[in-house]
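Have a look at the structure below before the remarks.
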Amino acid sequence: DSGVTQTPKHLITATGQRVTLRCSPRSGDLSVYWYQQSLDQGLQFLIQYYNGEERAKGNILERFSAQQFPDLHSELNLSSLELGDSALYFCASSVDTRNTEAFFGQGTRLTVV
Amino acid sequence: AQSVTQLGSHVSVSEGALVLLRCNYSSSVPPYLFWYVQYPNQGLQLLLKYTTGATLVKGINGFEAEFKKSETSFHLTKPSAHMSDAAEYFCAVRLNTGFQKLVFGTGTRLLVSP
Chain Z
1186 DSGVTQTPKH LITATGQRVT LRCSPRSGDL SVYWYQQSLD QGLQFLIQYY
1236 NGEERAKGNI LERFSAQQFP DLHSELNLSS LELGDSALYF CASSVDTRNT
1286 EAFFGQGTRL TVV
Chain C
14 AQSVTQLGSH VSVSEGALVL LRCNYSSSVP PYLFWYVQYP NQGLQLLLKY
64 TTGATLVKGI NGFEAEFKKS ETSFHLTKPS AHMSDAAEYF CAVRLNTGFQ
114 KLVFGTGTRL LVSP
């Protein structure tokens, strides 16, 4: 158990819908990262937050957004969903951005039908 | 920008044989390097990491990796494979400055036969 909690574990939704994925980082970790894992794209970095502020952005679509709340949990919002958005979405956390080790949650498997 | 290349999407070994998973990186500054393992329907678990210092790094489950700057490599090895090692392995790199993300390779699936 990495200490990073992601909910829900599985999500099935229809095209055009909007979903929210939630991540609770390890206790004491200030930095949260979101990754998307799909068969064709592999593990892609989406976005990073540190203590509530966005710090780095990767290949995140405009239909996707994220935020980190004062209690440090983070949410990834995916809207106008398309079939191609079906993937495993991982959250990872680390103490701070200088800390080298990131701990990953179990992921949320999103299926868009 | 940094990048990672993992040679071989699948590697098959027999139980008890040497495991060698290859990783080459590209980075403009000294990198931090990682190997993660992903078991079916699981998240990623850190196997080992190189930051600074000793270039031979030992990790969990008997795995080790050697950072070779001249070859820009960070290959993962284990002397004797076990059935439980069957999983997907990811090499990752990040820069050692500022707010930096992990950049992952495409992964190598390790198959272990009896």
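Taken in sequence, the protein lines are chains Z and C.
According to the numbering used here, the first sequence holds residues 1186 to 1298 in order.
According to the numbering used here, the second sequence holds residues 14 to 127 in order.
Glycine included, every Cβ here is placed at the ideal spot set by N, Cα and C.
Residues of chain Z whose Cβ lies closer than 8 Å to the Cβ of residue 114(C) are, in chain order, 1218, 1230, 1233, 1241 and 1243. If you keep only unbroken beta strand (DSSP E) runs of at least 3 residues inside the region 1225-1268 of chain Z, you get 1227-1235, 1238-1242, 1249-1253 and 1259-1263.
With a cut-off of 8 Å on Cβ pairs, the region 1226-1237 of chain Z is not in contact with the region 1289-1297 of chain Z, counting fewer than three such pairs. For residue 1252(Z), the nearest beta carbon of chain C is not closer than 8 Å to its own beta carbon.
When Cβ-Cβ separations below 8 Å define contact, residue 1290(Z) makes contact with chain C.
Excluding the 5 residues flanking it on each side, residue 120(C) has same chain C-beta neighbours closer than 8 Å at 19, 22, 51, 101, 102 and 103, in chain order.
Against residue 1187(Z), the close residues of chain C are 56 and 58, in the order they occur along the chain (beta-carbon pairs closer than 8 Å). By the Cβ-count criterion, residue 1186(Z) is exposed, with fewer than 16 other Cβ atoms from all chains shown falling within 10 Å of its own Cβ. According to the DSSP assignment, residue 1197(Z) belongs to the beta strand (DSSP E) that extends over 1195-1198.
At a cut-off of 8 Å between C-beta atoms, residue 72(C) does not count as an interface residue with respect to chain Z.
1187, 1189 and 1191: these are the residues of the region 1186-1205 of chain Z whose beta carbon lies less than 9 Å from some beta carbon of chain C, given in chain order.
With its beta carbon less than 8 Å from one in chain C, residue 1227(Z) belongs to the interface. Excluding five sequence positions before and after residue 1215(Z), the CB atoms of its chain that fall closer than 7 Å to its own CB belong to 1235, 1236, 1257, 1280 and 1281, given in chain order. Linking residue 1244(Z) to residue 62(C) through their CA atoms gives a straight-line distance of about 25 Å.
In this structure, residue 1297(Z) keeps its C-beta atom at 8 Å or more from the C-beta atom of residue 1278(Z).
Assignment of residue 1271(Z) by DSSP, reduced to helix, strand and coil, places it in the coil class.
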